[in-house]
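Okay, structure first, notes after.
Numbering (full-length UniProt numbering), first residue to last: 1 to 365.
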């Protein structure tokens, strides 16, 4: 169904079918009597069912202050259709909502169900997801923490997308034994959820599987239908999606374009460190170190008279938990010049690390 004003006749929520009137009643019931996550679902459904062609959504705030933006409902419909085509979701396919409906990922799961005619079950958005073991779900979306805590139940899900935070190498290793096909997503609130996905497991070639288990950097993102990508002069990704966006979006994500439909993500332009004339991507250095550092950490920089910017590493936890020998596998310019510890990283409400705020905490300590 391509019109946001129409509810697909096959749409079901927790096993119940709806008209526009009965879904409005259900939304109000969620708000009045439901648990916290159900109140959020009810609030979104009322916004979706009202007469406005737009609704508001919050950005995560991972690279700046969180903000509220207006999204076109028709663009959300078009995004849902693109996802449905890519993952072969059809009327009657079963979906699981275990993300909060306050952010774009949860909102879009509901829109996909409404537009594609999915039969959706809603459960509390907690770390260990409650998955009905008598049902095989065709599609679900999670954040990495949910994926980690719920891995023993995931054989009840055929396809799953994961986003909101990076997938660790340890988690990536665990995924290789799962029958569930897992994809990492690339996107943002402004692009109405994901515009590209990266398959993380269940590869046909055994050699590919081995390489991927060793290094996530070999994987590339594939764009969804009706999306065009290019680069600006900085090497950052430019997204053109006429069915989702009025204007093209110039991101701060440095990428390597592999083809017209695929790219590798290298890191954030905001995070690039110029140390003695050498440009360093923190995310690439972090990928090398993730196997040897159990605590959460990130690479950053501090002012240096000789180098301009000196590479540093910030670790969450107690002092002395990281052995400096782990840096031996890095190239000379990639090795941190200083190691700092903080008791707790600053985070967004969706669990993303806020690097700059964490560094500000470090300076105050």
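C-beta atoms are modelled at their ideal positions from N, C-alpha and C, and glycine is treated no differently.
Check whether residue i and residue j have beta carbons under 9 Å apart
i           : j           : result
residue 189 : residue 229 : no
residue 256 : residue 243 : no
residue 170 : residue 116 : no
residue 201 : residue 245 : no
residue 110 : residue 140 : no
residue 104 : residue 147 : no
residue 143 : residue 162 : yes
residue 227 : residue 82  : yes
residue 149 : residue 129 : yes
residue 97  : residue 120 : yes
residue 291 : residue 353 : no
residue 49  : residue 20  : yes
residue 179 : residue 86  : no
residue 31  : residue 18  : no
residue 40  : residue 102 : yes
Beta-carbon separation (whole angstroms), residue i vs residue j, contact threshold 8 Å
i           : j           : result
residue 137 : residue 153 : About 10 Å separates the two Cβ atoms, so there is no contact after all.
residue 315 : residue 339 : 7 Å
residue 11  : residue 113 : 6 Å
residue 367 : residue 127 : Because the chain is modelled from 1 through 365, residue 367 falls outside the range shown and cannot be assessed.
residue 234 : residue 186 : Their Cβ separation, rounded to whole angstroms, is 18 Å, which puts residue 234 and residue 186 out of contact at 8 Å.
residue 342 : residue 365 : 7 Å
residue 24  : residue 46  : 7 Å
Residue i classed as buried or exposed, judged by whether at least 16 other C-beta atoms fall within 10 angstroms
i           : result
residue 194 : buried
residue 95  : buried
residue 26  : buried
residue 15  : exposed
residue 36  : exposed
residue 207 : Any reading at residue 207 is ruled out, since the residue's pLDDT is 47, under 50, leaving its predicted position unreliable.
residue 183 : buried
residue 13  : buried
residue 308 : exposed
residue 355 : buried
residue 303 : exposed
residue 167 : buried
residue 271 : buried
residue 78  : buried
residue 322 : buried
residue 4   : buried
residue 294 : exposed
residue 93  : buried
residue 360 : exposed
residue 267 : buried
residue 118 : buried
residue 53  : exposed
residue 223 : buried
residue 22  : exposed
residue 258 : exposed
residue 239 : buried
residue 320 : exposed
Any chain B beta carbon closer than 9 Å to residue i
i           : result
residue 288 : Chain labels in this structure do not include chain B; a single protein chain is all it has.
When the options are compared against residue i, the one with the closest alpha-carbon
i           : options            : result
residue 281 : 311, 49, 20        : 311
residue 197 : 84, 135, 129, 21   : 84
residue 177 : 164, 166, 203, 17  : 203
residue 192 : 73, 121, 337, 38   : 73
residue 91  : 9, 238, 267, 357   : 9
residue 106 : 89, 326, 87, 59    : 59
residue 317 : 279, 87, 362, 175  : 362
residue 306 : 278, 319, 293      : 278
residue 164 : 18, 335, 347       : 347
residue 283 : 300, 276, 274      : 300
residue 99  : 357, 358, 351      : 351
residue 358 : 298, 241, 238, 333 : 298
heavy atom of the ligand ZN below 8 Å from residue i C-beta
i          : result
residue 26 : The ligand ZN is not part of the structure shown, which contains no ligands of any sort.
Given 8 Å, three or more beta-carbon pairs between the segment 245-252 and the segment 280-300: At 8 Å Cβ cutoff, the stretches do not touch.
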